[in-house]
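Protein sequences appear in the order of chains C and L.
Mapping the first sequence onto numbering that gives the first Met the number 0, position 224 (from 1) lands on 223, and the numbers just tick up by one.
Mapping the second sequence onto numbering that gives the first Met the number 0, position 85 (from 1) lands on 84, and the numbers just tick up by one.
In this text, a Cβ means the ideal position worked out from N, Cα and C, and glycines have one as well.
Please read all numbers here as calculations on a predicted model, not as lab measurements.
Down below is the structure, laid out as structure tokens.
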Amino acid sequence: MRTLREKNKTVAEETLFKVTIDNITIEVPAGTTILNAARKIGGEVAPPAMCYYSKLQGSGGKCRTCLVEVSKGSEKDPRPMPKLVASCRTTVMDGMEVKNITSPKVLDARAGVVEMLLINHPLDCPICDQAGECHLQDLSYEHGKNGTRYEFQRRTFPKVDLGDKIQLHMTRCILCYRCVFTADQLTEKREHGILDRGDHAQIATFIQKNLQNDFIGNVIDVCPVGALTDKTFRFKNRVWFTKPVDAHRNCNNPKCCGEVQLWMRGDEVFRVTARKDEWGEIKEASNGKTGWICNECRFDKKKTTDWIIEGPSHINRHSVISQGHYVGVHKPKETFTAVMHGRDPKLLMNIHSVSEVNKPNIDLSLLERPAHSTDFK
Amino acid sequence: MSRKLLLEKAHVEGIRYYDVYRREGGYRSVEKALKELGPEAIVEEVKKSGLRGRGGAGFPAGMKWSFIAKPEGVPRHLVCNADESEPGTFKDRYLMEFLPHLLIEGLIVSSFALGSNDTYIYIRGEYAWIVDILEQAITEAKDNGWLGKNILGTGFDCNIHVQRGAGAYICGEETALLESLEGKRGNPRLKPPFPAVKGVWDRPTVVNNVETLAAVVPIINMGGDEYAKIGVGRSTGTKLISACGNINKPGVYEIDMTISVEDFIYSDEYCGGIANGKKLKACIPGGSSVPILPANLLLKTAKGETRYMNYESLSDGGFASGSMMGSGGFIVLDEDQCVVKNTLTLARFYRHESCGQCSPCREGTGWMEKILHNIEYGKGKLSDIDLLWDIQSKIEGNTICPLGDAAAWPVAAAIRHFRDEFEWHVLNPEESQKRNYGLAHYADAIHVPVTV
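So this is what it looks like as structure tokens:
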């Protein structure tokens, strides 16, 4: 009986659907969403997602940035879908044709969504800890329009204190509900939710209780904007001045994977976060579990001696964080052979010390200004 | 005098109570349905009747019923949507308040047809006193063997539970209603899965409006074919219209969908004309979320034909020159009303009632309200009108549930048909604070081009 069920399962898994997104055809297992199929293709074909989070059940469908046009429903029913659909929650059908960046309708609607997301956002990036790793910054840069047509006061909220570890800036929130799902699915006691509705809805805790759970720190990582930030890192540094390093430790908490990213400057650990994949979501840990980390790892282990460092993290070169060029050293290529048309030099001599052209004895530390070419003459 | 099916006995003394209701022929349909017809036959009768959902969307009820999934061992539910919150709509309130047993009777028949042993009435929180009326009716029905275990010896068990909402318009959207019924925050769900497959507690569920379920009673009593003969085309049966605004006789009227809009407004049987001898300027014919029409387009279609009170005729011309039947909330505006102010009021309502899930609706409704506020109070710019148009187009169709559309349509229609009134507000900021734009040309006959 069991083997039969397993067999059925593998058969079901083998059912592949052909889907064409922006004229690129790909085969994906039945039940895959359009967004995940597009992510398999990668690049610009993948719609942006602000609320969908593959690791959180029930997430998605809310922000409407991932809207796509389905120009052909399926092979069986080729009618196009009447409205744009949220690609994160719409599953593919066999023979489906989807237009993302090839549809002017989608680009227009997406620019509209970006504008809506920004009208009440404070745009306080210069003082926001999320700047540099903010999905809303990326989204508005890539899909938004210049300027704003909104001429009214932006909404504000009374401040809510979430304790000494997590900072809530409700004004920056885009109500993606990711933190609510995280609190719901990762911690056993739900103290986190949405109050009110419409544009006055807000994330809050029940009667402003502190969030005490071991894993609640993960809400910081899932937040796409600067609404939930790490109080132990707050205002200490800009992320692009720090260098992300992969590290791990043997965490006693059985649910914690212990694999993290340290954000360092020199030997100082400024911040600890979970590791992220190319879509900005938490990466799978080496043991196959989702890489959630516990509060102890995140907030309390801020010394290099607490960690076993694996090496620099891979950061997308388009990210501002990669501006430090910290990944490896580019050794200049040996040029002799090229200059000498493939022959090796017969004799190499270092004439630097005997040459008087470049003033070998100059002590640059004595100069009170930047060195100039004349200093070496 | 048109035919009445639902409100026929509404004025009988004591019809609210079981004894009188039964004496007047109540609960005959339950006897007929449970003893003579089976569940399939009932669904078939409803299909034949052509009954369309009375909540606003007008989806054929029989078809909706036939979609319900019937997995083995999973209970199914019928949920009655009594969260009547659409501004201008108050027909369900009238039905439940004066004829509670009619709804209970319809619910028993429908529950039997769908196999729902636990049926829910989700009623808006503001209808607090009606909850008592319904619960009393349910108790009376139970005492007389129409509810509970083994009804009429058929082995069918059914209980009806009344659940009060907490005052949110969005909970009238069927999936938000189900979330709220489960005790959660009333956020609409993404579809699919549809409630017919995964509804309340992930069980197959049918959600129907109060009037739809009440209409099942006459359908079973007279037969689907006979019911389909009333009305016209695909608008079969009778429809309750709750008329309000600047008319002489506001109230709930039952119409058979064959009368013209003009007759409905001006005849003494119905609205009795515009109050205080004023002239008709505009009308929202189906509850606040449907497009507003100026007088000339309301009474005649763009082709110059008479417009009738039914689904097809009211939507003739699409949104360019038509509107919708909606939930039957008929709001009449006379020449003294300001369309800008009316639109602002509606925009404020939708801003307040947006659940806040989808960004376009959450942010866009607030933005529209602020711009309309500026225009209404003489601080608007001409570019604001185009901006409003653009914002509504960014909301419409881009949200999870129809509230986004409902918020966008009134604004779109007001600009489409009353743009000069908006412009007048902008160009005459001081005068617009002292007087209204008035009737202007909105009742003038429309030139219909003739091709020879």
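A contact between stretches requires three or more CB pairs, one per stretch, nearer than 8 Å, and the segment 293-306 of chain L fails this requirement with the segment 212-226 of chain L.
Taking the CA atoms as reference points, GLY198/L sits about 19 Å from ARG123/L. Only residues of its own chain outside the window of five on either side were considered, and among them ALA195, VAL196, PRO203 have a CB closer than 7 Å to the CB of ALA68/L, listed in chain order. For TRP128/L, the three-state secondary structure derived from DSSP is helix. Around LEU55/C, no beta-carbon contact reaches into chain L at under 8 Å, the shortest distance being about 15 Å. For THR64/C, the closest Cβ of chain L is nearer than 9 Å.
A direct Cα-Cα distance of roughly 55 Å separates PRO79/C from ASP18/L. Going by C-alpha positions, PHE155/L is about 11 Å away from VAL108/L.
Proximity to ALA167/L across VAL161/L, ILE159/L, LEU180/L peaks at LEU180/L, based on C-alpha coordinates. Residue environment: ILE314/C is assigned as buried (16 or more neighbouring CB atoms within 10 Å of its CB, all protein chains considered). In this structure LYS393/L is buried. Its beta-carbon is surrounded by 16 or more other beta-carbon atoms within 10 angstroms. In summary, the residues of the segment 184-203 of chain C whose CB is separated from some CB of chain L by less than 7 Å are ILE193, ARG196, GLY197, ASP198, ALA200, in the order they occur in the chain. Within chain C, no C-beta atom comes less than 8 Å from the C-beta of GLY164/L; the nearest is roughly 13 Å away. With fewer than 16 neighbouring CB atoms inside 10 Å of its own CB, GLU333/C falls in the exposed class. If you draw a straight line from the Cα of ARG350/L to the Cα of LEU117/C, it is about 17 Å long. In the three-state reduction of the DSSP assignment, LEU116/C falls in the helix class.
For LEU34/C, the enclosing alpha helix (DSSP H) begins and ends at 33-40.
For CYS79/L, the enclosing beta strand (DSSP E) stretches over residues 75-81. In terms of beta-carbon proximity, TRP366/L lines the interface with chain C, with at least one pair separated by less than 9 Å. When the beta-carbon positions are compared, ILE169/L and GLY185/L come within less than 9 Å of each other. In this model, GLU395/L and GLY379/L are separated by some 23 Å (Cα to Cα). The alpha-carbon of SER102/C is positioned some 13 Å away from that of LYS71/C.
Residues are counted here when their Cβ sits less than 8 Å from a Cβ of chain L; for the segment 110-139 of chain C these are GLY111, VAL112, GLU114, MET115, LEU116, ILE118, ASN119, given in chain order. Residue pairing by DSSP places VAL244/C opposite LEU261/C, PRO311/C in a beta bridge.
Rounded to the nearest whole angstrom, the C-alpha separation of ARG196/C and LYS302/C is 43 Å.
For GLN162/L, the uninterrupted beta strand (DSSP E) segment begins and ends at 155-163.
Contact with chain C is absent for GLU85/L, since none of that chain's Cβ atoms lies less than 9 Å from the residue's Cβ. The beta carbon of ALA112/L is closer than 6 Å to those of PRO38, ILE41, VAL42 in its chain, skipping five residues each way along the sequence. Interface criterion not met: the Cβ of ALA319/L is under 9 Å from no Cβ in chain C. For LYS280/L, the uninterrupted beta strand (DSSP E) segment begins and ends at 279-283. According to the DSSP assignment, PRO28/C belongs to the beta strand (DSSP E) that extends over 23-28. Annotation: Cβ neighbours of PHE151/C in chain L (cutoff 9 Å, chain order): GLY365, TRP366, LYS369, ILE370, ASN373.
Taking 9 Å as the CB threshold, ILE173/C lines the interface with chain L.
The count of Cβ pairs closer than 8 Å, one atom from the segment 356-367 of chain L and one from the segment 76-93 of chain L, stays below three, leaving the stretches out of contact. Taking 9 Å as the cut-off, the beta carbon of ARG248/C is found closer than this to the beta carbon of GLY257/C. Between LYS248/L and the set ILE445/L, ASP267/L, GLN356/L, VAL215/L, the nearest pair of CA atoms involves ASP267/L.
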